[in-house]
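Accompanying notes for the structure given below.
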Amino acid sequence: MIRAIQLSYRVGNKTILNYLDLAVEKGETLAVMGMSGAGKSTLLKCIGGLIRPTFGAVEIDGVDITRMKESELDAVRVKIGMVFQYAALFDSLNVYENVSFGLRRHKLMSEEEIAEVVRTRLAIVGLPRTENLMPAQLSGGMQKRVGLARALALDPEIVLYDEPTAGLDPITSAAIADLIVKTRNELGVTSMLVTHDIATIKRVASRVAMLHSGKIVAVGTVEEMEDHPNPIVRQFITGSGEGPIRITE
Amino acid sequence: MGIITDVRRDNGESERAGRIDLVGEVLQDVGNEVAAVVSAPGEYVFRAFTKFFEFIGESSILLTRTVRFILAGRIDLRDTVNQMAFIGVASLPIVLVTVAFSGAVLSLYMSQLGVRWGFGGYTGGVIGLSVARELGPVLTAVVVTARSGSAIAAEIGTMKVTEQIDALRALAVSPVQYLVVPRLIAAIVMLPVLTIFSDIIGTVAGYLVAVVNGVAGGGYVSSLKSQVLPSDVVKGLVKTLFFAVVIVIVGAQQGLRTTGGATGVGRSTTSAVVISIVTIYILNFFLAYVMFGGKTAFL
Ligand SMILES: Nc1ncnc2c1ncn2[C@@H]1O[C@H](COP(=O)(O)OP(=O)(O)O)[C@@H](O)[C@H]1O
Ligand SMILES: [Mg+2]
């Protein structure tokens with residue numbers, strides 16, 4: 001469903017993604033883990049068609065999106081729901097206007113039908129009857145949920161989550177993780193999340209990939225990763241300060 | 250940096266320290282710039298040029314895209330009307346005050362000298378021409394830059410650093426169509442309207458000051474009528490169309506290239522205002538030169 005082939009991203013003389021290869025199969029939930037600044041958001045934005053890689057291809061359903069024109073890309077973007085690290089809700093619009101934004105802009109249905117979609121999406125994320133609240137009135141966890149409801153409004157086939165649980169307490173994190181599972185089960189979406197939260201990975205991921213030095217250095221199930229021969233992977237999964245990765249700065 | 254927090258403490262000592270801080274920072278900035286020029290003049294000039302052409306390039310692309318959406322009729326009427334209210338209606342009071350007092354101060358000197366040297370009868374014509382050709386259009390544009398150009402940069406810049414711009418694109422909505430198109434149309438419509446009000450208030454304020462200073466009211470009006478042609482007013486309004494484009498495109502361009510959180514938004518806002526105002530003044534000279542045949546000598 002999603003394939004990144006030799007994906008590279010450079011800014012100036014800094015290499016963020018370095019000939020990276022990755023595949024996400026239909027219906028699975030792949031978690032990409034990596035340190036802060038490893039390039040996780042960059043990878044997600046390349047896949048979501050928000051930034052163009054400097055080299056390589058991103059295939060969605062077998063079609064390379066990196067060479068598409070903006071107008072062609074829009075058709076692909078509609079198939080991909082994005083949940084941003086800090087929710088990125090439109091802060092001048094209320095919850096209803098946020099969730100209905102894409103539908104209204106693209107004039108895909110009548111206002112009654114839109115209202116129904118908004119209602120069902122808010123119900124899925126567990127925030128019924130919040131339509132009239134402004135983003136500033138919501139907690140961080142609620143904002144993430146509204147962000148997910150907005151991403152789901154256009155009925156995406158793929159949902160990309162950028163650090164869905166970053167900055168949330170453990171209980172809210174677990175609830176968001178369960179929501180990712182529920183979204184997959186109820187809507188049958190292919191999901192990819194980037195995170196460094198191991199608890200969330202264990203709750204939701206069918207497979208895990210480790211991003212390090214601009215490459216995917218390991219892919220496998222959580223169990224496989226736990227006794228992976230690569231010490232970097234083991235160190236990350238166990239969260240140890242001792243190992244090949246050292247924070248010296 | 251430290252100046253605001255330092256001044257807030259009611260303690261003369263730290264206020265002075267704050268000022269010294271600020272002076273120090275400014276000197277440091279100046280020093281850095283000078284060092285950059287002196288140590289590698291070629292590289293410095295090269296960097297300045299690159300930045301300049303980057304700005305020109307980005308702005309032209311942005312303008313082209315915006316115009317393309319407008320020509321394709323992809324205009325959201327409600328957003329546009331909201332922006333008209335913000336850029337136009339809400340700017341009116343401050344525009345009026347600014348231009349009224351500028352007309353008034355010009356009239357103060359003109360009428361005093363005029364009465365003393367016997368050319369007081371020309372006051373109306375001089376004020377009227379100055380206001381219609383220059384003061385009205387330019388000051389209105391400057392005020393709208395300060396008020397709305399800064400807001401455009403800050404709003405779009407904030408949306409950029411909080412990933413709301415990415416969120417728009419992820420929903421297959423063009424930020425240019427959603428954010429820039431309504432603002433550009435609103436500015437192009439409202440700037441001339443505001444300027445008409447400016448022209449009127451500037452001339453009226455000039456009249457009041459002239460009369461107080463001993464110029465005959467009837468003379469002011471008749472000189473105004475004979476000197477200021479409808480084409481002067483119209484040409485002044487035409488200039489504001491260009492200014493409107495500058496204000497919105499520069500504001501949006503600076504907003505869209507914002508990086509680095511709140512500091513970045515502040516930086517974008519400041520540069521949007523500075524670049525716009527400088528561009529407006531330079532552009533104004535050339536527009537005046539073309540439209541008034543270079544005869545704007547009295548300003
Ligand atoms: N447009 C850019 N310009 C300069 N540096 C960038 C840009 N985008 C990302 N980076 C840098 O690339 C690195 C990876 O960023 P990111 O993908 O956000 O990492 P992560 O999401 O894993 O924390 C960071 O060091 C970031 O500063
Ligand atoms: Mg990130």
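Residue numbers (our numbering), protein chains in the order written: chain P, 1 to 249; chain B, 250 to 548. All C-beta atoms in this analysis are idealised placements derived from N, C-alpha and C, irrespective of residue type, glycine included.
Kindly indicate which three-state DSSP category residue i falls into: helix, strand or coil?
i	result
V283(B)	helix
N18(P)	strand
D328(B)	helix
E383(B)	helix
V527(B)	helix
E271(P)	Missing from the structure shown is residue 271(P); chain P here goes from 1 to 249 and no further.
L30(P)	strand
M250(B)	The predicted position of M250(B) is uncertain, since its pLDDT is 37 and thus under 50; no value can be drawn from it.
S110(P)	coil
L505(B)	helix
D64(P)	strand
V24(P)	strand
S92(P)	coil
R184(P)	helix
L127(P)	coil
S8(P)	strand
R52(P)	coil
A115(P)	helix
Y371(B)	helix
P229(P)	coil
Run the CB neighbour count on residue i, radius 10 Å, all protein chains shown included, and call it buried at 16 or more, exposed below.
i	result
P386(B)	buried
K45(P)	buried
K182(P)	exposed
T528(B)	buried
L478(B)	exposed
D227(P)	exposed
I158(P)	buried
D61(P)	exposed
Y538(B)	exposed
E163(P)	buried
T518(B)	buried
F101(P)	buried
Y530(B)	exposed
Q426(B)	buried
I2(P)	buried
R67(P)	exposed
Could you give the first and the last residue of the continuous beta strand (DSSP E) run that contains residue i?
i	result
M192(P)	190-195
D162(P)	158-162
M1(P)	Run containing M1(P): none; DSSP gives neither H nor E here.
L211(P)	207-212
A218(P)	215-220
Taking the alpha helix (DSSP H) that residue i falls in, what are its first and last residues?
i	result
Y86(P)	Element bounds for Y86(P): n/a, residue is neither H nor E.
A75(P)	70-79
D300(B)	Checking the displayed sequence, the identity of residue 300(B) turns out to be Lys instead of Asp. That run of the alpha helix (DSSP H) goes 290-320.
S356(B)	341-366
P431(B)	430-461
V410(B)	399-410
Y469(B)	466-476
A151(P)	140-152
R418(B)	413-419
V204(P)	198-204
S41(P)	40-47
Who are the Cβ neighbours of residue i in its own chain at under 7 Å, not counting the five residues just before and after it?
i	result
V117(P)	L103, A153
R184(P)	T29, S191
G27(P)	G188, T190
V495(B)	S525, T528, I529, L532
R207(P)	E28, L30, V219, G220, T221
P128(P)	L122
Is there at least one Cβ from chain C nearer than 8 Å to residue i's Cβ?
i	result
H106(P)	Here chain C cannot be found, since the structure's protein chains are P and B.
Report all residues from its chain with a CB closer than 6 Å to the CB of residue i; omit the five preceding and five following residues, and keep chain order.
i	result
G243(P)	P231, Q235
G466(B)	V460
L357(B)	V458
V95(P)	T130, E131, L133, V146
V233(P)	M210, A218, M225
P441(B)	L486, T489
L148(P)	V83, V125
Output needed for residue i: all residues of its chain with C-beta closer than 8 Å, excluding positions within five of it in sequence on either side, in chain order.
i	result
Q6(P)	Y19, L20, D21, F55, G56, A57
L378(B)	Q476, V477, D481, F547
G48(P)	R77, I80, M82, L160
Inset, instruction - Give me every residue whose Cβ sits closer than 5 Å to any heavy atom of ligand 1, in chain order. - result: V11(P), I16(P), S36(P), G37(P), A38(P), G39(P), K40(P), S41(P), T42(P)
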